[in-house]
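Asker: Going by my numbering, the first residue of the sequence shown is number 142, and it counts up by one from there. Quick reminder that beta carbons are idealized off the backbone N, C-alpha and C, glycines included. After the structure tokens below, expect a handful of questions from me.
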Amino acid sequence: MTTPDIGHMVADGLTKPLPLYNHATIHNGIVYISAIQGFVPGTVEFPSTDPGDEARQVLANLKVVLDQAGSSLAHVLKITVLMTDMTYFSKINDAINEAFPVDPPARSSISVNELPKQAKVAIEAIAAVCT
């Protein structure tokens with residue numbers, strides 16, 4: 142069933158998600174972004190084996206989704222960081238701090254057993270649409 146005031150989007154230029162998945166859902170001026178991975182756009186490859194580099198690619202991909210949804214990194218309200226090993230925390234945290242140097246969003250960091258395609262990190266986000 143389709144609800145007219147709820148929009149679903151797959152961002153142009155990024156690796157396409159699996160069927161019936163989308164990059165984001167938009168409702169009432171809020172963008173709910175699925176767990177974004179650090180794939181080099183159009184591939185299922187990561188930029189390197191370094192978790193910090195992978196996190197930077199995640200954040201670049203997140204920015205693409207936000208821009209196409211009418212939002213921006215400055216409008217992110219909350220992120221949930223999923224990582225497969227807490228020893229990656231420092232490198233991932235550095236990448237996040239680079240992306241959000243002032244007034245960072247609320248943040249949760251969670252260690253998970255595994256992510257698809259052997260990813261080290263994925264980030265979900267909630268953001269306000271720019272007005």
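1) Is asparagine 202 buried or exposed, if buried means 16 or more other CB atoms sit within 10 Å of its CB?
2) Tell me where the beta strand (DSSP E) around lysine 219 begins and ends.
3) Mark glycine 193 as exposed unless 16 or more other C-beta atoms lie within 10 angstroms of its C-beta, in which case mark it buried.
4) DSSP three-state call for glutamate 239: helix, strand or coil?
5) From the DSSP output, in three-state form, read off threonine 190 for me.
6) I'd like to know if serine 175 contacts chain C, where contact means its C-beta is closer than 8 Å to some C-beta of that chain.
7) Alpha carbon to alpha carbon, what distance is there between isoleucine 171 and isoleucine 267?
8) According to DSSP, simplified to helix, strand and coil, what is glutamate 265?
9) Where proline 188 and isoleucine 147 are concerned, what is the direct C-alpha to C-alpha distance, given to the nearest angstrom?
10) Are the CB atoms of valine 185 and threonine 156 nearer to each other than 8 Å?
Answerer: Answer, in terms of the structure:
1) buried
2) 217-224
3) buried
4) helix
5) coil
6) This model lacks chain C altogether; it includes just one protein chain.
7) 7 Å
8) strand
9) 33 Å
10) yes
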